[in-house]
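Counting from 1, position 77 in the sequence shown corresponds to residue 77 in the working numbering; the numbering is continuous, with no gaps. A short write-up of the structure that comes next.
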Amino acid sequence: MTFGLYTGWVFIATIVNIAALLVKLEWSGFGIADETWAVIVLAVAVILVFIILLNNHNAVFPLPVAWACLGIYISLKSPQGYNGEYVLLQITALAGMVVLIVMALIQFYKNHYAVLPNTTL
């Protein structure tokens, strides 16, 4: 379980760090709005988690990414954060969180209520 949580956290941290680097480098994003890029990045992250989950079957892997989506949503809604300014991104973060939790629950069920599938020979 620990490895899946750690790997999920490293996965989302890598995406966030790449995004932060692009902001620091003042990357223009090919003229696409920042909110649109953020939505694209979140959607791609959820898709990549799904692809990884198909291969490693670790039911907890999506959970740190879901937690990050929740953090994004809370920050966007907070008066101390962006005060609800980016509605599409809020919806995307919330939807991503729900999809990731459902993915984890489905994988947990497929693993017969275990974090990893039974691989005994």
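Heads up, the beta-carbon is just placed ideally off N, CA and C, and yes, glycines get one too.
Spatially closest choice to residue i from the options, by CA coordinates
i      : options                          : result
TYR6   : PHE30, ALA19 and TRP67           : TRP67
VAL60  : TYR82, GLY8 and VAL16            : GLY8
THR36  : VAL49, ALA20, TYR82 and LEU88    : LEU88
GLY4   : GLN80, GLU85, LEU53 and LYS110   : LEU53
VAL115 : LYS77, HIS57, MET97 and ASN83    : HIS57
ASN55  : ALA38, TYR113, GLN107 and HIS112 : GLN107
VAL16  : ALA38, GLY31, MET97 and PRO117   : ALA38
Rounded distance between the beta-carbons of residue j and residue i, thought under 8 Å
i     : j      : result
PRO62 : MET103 : 5 Å
Three or more C-beta pairs under 8 Å: does that hold for the segment 19 to 37 against the segment 66 to 74?
Not touching, per the Cβ criterion.
Examine the Cβ distances between the segment 33 to 45 and the segment 7 to 21 and report whether three or more of them are shorter than 8 Å.
yes
Going along the chain, which unbroken runs of the alpha helix (DSSP H) with 4 or more residues stay wholly within the segment 29 to 90?
34 to 56 and 62 to 77
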